[in-house]
Amino acid sequence: MRPLQCILRVQRSLRWEWMTSVSWLLLKTCRAHSTLPSTACPSPGQQEDGVRKDFSSRLASGPTFQHFLSASAPQEKPCSPEAEDPPPYLTVDELLGRQRKVYLETYGCQMNVNDTEIAWSILEKSGYLRTSNLQEADVILLVTCSIREKAEQTIWNRLHQLKTLKTKRPRSRVPLRIGILGIRSIMRGCDNMCSYCIVPFTRGRERSRPVASILEEVRKLSDQGLKEVTLLGQNVNSFRDSSEIQFNSAVSANLSRGFTANYKAKQGGLRFSHLLDQVSRVDPEMRIRFTSPHPKDFPDEVLQLIHERDNICKQIHLPAQSGSSRVLDAMRRGYSREAYVQLVHHIRESIPGVSLSSDFITGFCGETEEDHLQTVSLLREVQYNMGFLFAYSMRQKTRAYHRLKDDVPEEVKLRRLEELITVFREEASKANKICVGCTQLVLVEGPSKRSATDLCGRNDGNLKVIFPDAEMEDAANPGLKVRAQPGDYVLVKITSASSQTLKGHVLCRTTLKDSLAYC
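Per our numbering, residue 6 is the first one in the sequence shown, and the count goes up by one each step.
Below, the structure is given as structure tokens:
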């Protein structure tokens, strides 16, 4: 592994931003070739400008994995007189010929990419695949494998704020801001060990940050004028601040009725309901959301708090994954279909008008046609406002990989996925049409992507709302005509609805507090 050792020595001495140096390392190692002088290990001072310029130009033009690997170059000689080891990785032709589809877990999302197993292996060998560096590794893979547009921009924005912070975990970081929206990570990792999920193996066990540091960062977002903040975590509502000061004075956790955990419950600590209560008090005009939760961690105190606080959005993500109790048991989700449906009814009774979204995986190990039809019937029964549906893809290291058989053919998975998507859209359209004729409070985000004369925003249920960019009254200053700007709250009368979007006409600009009289 002499070439890799040589590259690592050079990488550690580079002075410019770690992102560029690590990406250069990744690309150099993938090629198993180099443009470096063949006589000795390169000098950082001699190579830095050229490599950085080359990487920047490739990135600006929209890099792909093939783009970086396609350049021909003379073979690198070892850095010592000893014989060179054989290339530790596949050749360029072998790598590009594999074209195997895998899924990369990135911030809780499944992203379809090619050849990430190779890049992941290289990161692991280079020492960058440590728990504290997983976000950095995600960024490298995102950029290298050409997963672009919205995801790339979001991650780059986050990386720009994180790159100089090197505090110990759980790390207190500069809050991520995207326009008028803020994202605040409150915990990392997951203890649930669902049989299909690789998160516990890549993100580690659950680690929550202290409440005080989270509140400080939310206050900073409020001071910057942000109108919405999302509390982020792999299993956000199992939050438990067990810092030394608060540990002994807090109560134990309660689970949703009919739900169990497949790990031993941890005692003490400040729970999610306490955090949500404190965050919602920071700024009454700032909307609060949270994602992604587990259905088992919705005790009555959390639901009651969401109902009582006007600035906690009445929108809950409730991942079901399947409508079959047999499949849910194989997934180790800790609940049956009946318990899940009972929770849905309880949530709707506790929070009138709540908007529900969910995750579903079709084609899991051993899923029969009857199991699939039960998932279809759950979609029809609940009528989710939003949904995220995927075909199952086996992940190494998971319980399913070691103990179950991925026996559902790919064509069957895709057919079932299409059926779920069709049913979801039908039911979401019905659910969203209830909003027609109602007045909704909308947080303006900016111009509509499809029309220069329209504006776009989101309502309390996180549905996209489109309305004309027209003059309106300002409720705080009667008689004053204004136009909506990003960050404004406006009242919109809904005139039409689809499975994903609401449309209407704007009534007036207002505040979250004053809107309660109209909505």
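The beta carbon of each residue, even a glycine, is placed where N, CA and C say it ideally should be.
- Relative to R463, the option among S327, C318, Y523 whose CA is nearest is C318.
- Residue environment analysis places Y397 among the buried positions, since at least 16 neighbouring C-beta atoms fall within 10 angstroms of its C-beta.
- Judged by DSSP secondary structure, A396 falls within the beta strand (DSSP E) whose first and last residues are 391-396.
- Closest in alpha carbon position to F393, among A344, H322, D412, is H322.
- Look at the beta carbons and you see the segment 267-275 not touching the segment 222-241: under three pairs across the two are nearer than 8 Å.
- Secondary structure within the segment 454-484: the beta strand (DSSP E) runs of 3 or more consecutive residues, fully enclosed, are 459-463, 469-473, 477-479 (chain order).
- Relative to the Cα of V387, the nearest Cα in the group R338, R408, D364, Q401 belongs to D364.
- Distance from the Cα of E432 is smallest, within the candidate group I356, H279, L409, Y389, for Y389.
- As the crow flies, the alpha-carbon of P414 is around 19 Å from that of V381.
- I499 sits close to L507, with the two beta carbons spaced by under 8 Å.
- Secondary structure at T373: coil, using DSSP grouped into helix, strand and coil.
- Under the DSSP assignment, A502 falls in the beta strand (DSSP E) whose first and last residues are 494-502.
- Judged by DSSP secondary structure, K225 falls outside any beta strand (DSSP E) and instead within the alpha helix (DSSP H) spanning 216-228.
- Here V449 has L460, G462, A489, Q490, P491, G492, D493, V495 as same chain residues with Cβ atoms under 7 Å from its own Cβ, once five neighbours each way along the sequence are excluded.
- Within 10 angstroms of the beta-carbon of S360 lie 16 or more other beta-carbons, which makes it buried.
- Under the 10 Å beta carbon count, T296 is surrounded by 16 or more other beta carbons and is classified as buried.
- Among the bridge pairs identified by DSSP, H510 is matched with K498.
- Contact between Q326 and I366 holds, since their C-beta atoms are separated by about 5 Å, short of 8 Å.
- Note on geometry: alpha-carbon atoms of P300 and M391 lie some 16 Å from one another.
- In this structure, the beta-carbon distance from S213 to F244 falls below 8 Å.
- In this chain, the alpha helix (DSSP H) harbouring P205 covers 204-207.
- If you ignore the 5 residues before and after S341, its C-beta comes within less than 7 Å of the C-beta of S330, L333, all in its own chain and listed in chain order.
- When the five nearest sequence neighbours on each side are left out, the beta carbons in the same chain lying within less than 6 Å of the beta carbon of V441 are those of I499, A502, in order along the chain.
- V470 and R408 have their C-alpha atoms spaced approximately 45 Å apart.
- Annotation for D305: the continuous alpha helix (DSSP H) segment containing it runs 305-313.
- Non-local C-beta neighbours of V346 in its own chain, meaning closer than 8 Å and more than five positions away in sequence, comprise L383, E386, V387, ordered along the chain.
- Within its own chain, the residues whose Cβ lies closer than 6 Å to the Cβ of Q320, once the five positions on either side in sequence are excluded, are S360, G466, N467, listed in chain order.
- Rounded to whole angstroms, Q229 and S362 show a C-alpha spacing of 30 Å.
- For E424, the uninterrupted alpha helix (DSSP H) segment begins and ends at 415-438.
- When the Cα atoms are used, R262 and S355 turn out to be separated by approximately 14 Å.
- Apart from sequence neighbours up to five positions away, the residues of its chain that approach Q283 with a beta-carbon distance below 7 Å are V216, L220, ordered along the chain.
- Per DSSP, the unbroken beta strand (DSSP E) holding I293 starts and ends at 292-296.
- According to DSSP, residue pairing for G451 in a beta bridge involves C461.
- In the structure shown, M192 falls within a strand segment according to DSSP collapsed to helix, strand and coil.
- For K271, the three-state secondary structure derived from DSSP is coil.
- Assigned with DSSP and collapsed to three states, R338 falls in coil, not helix or strand.
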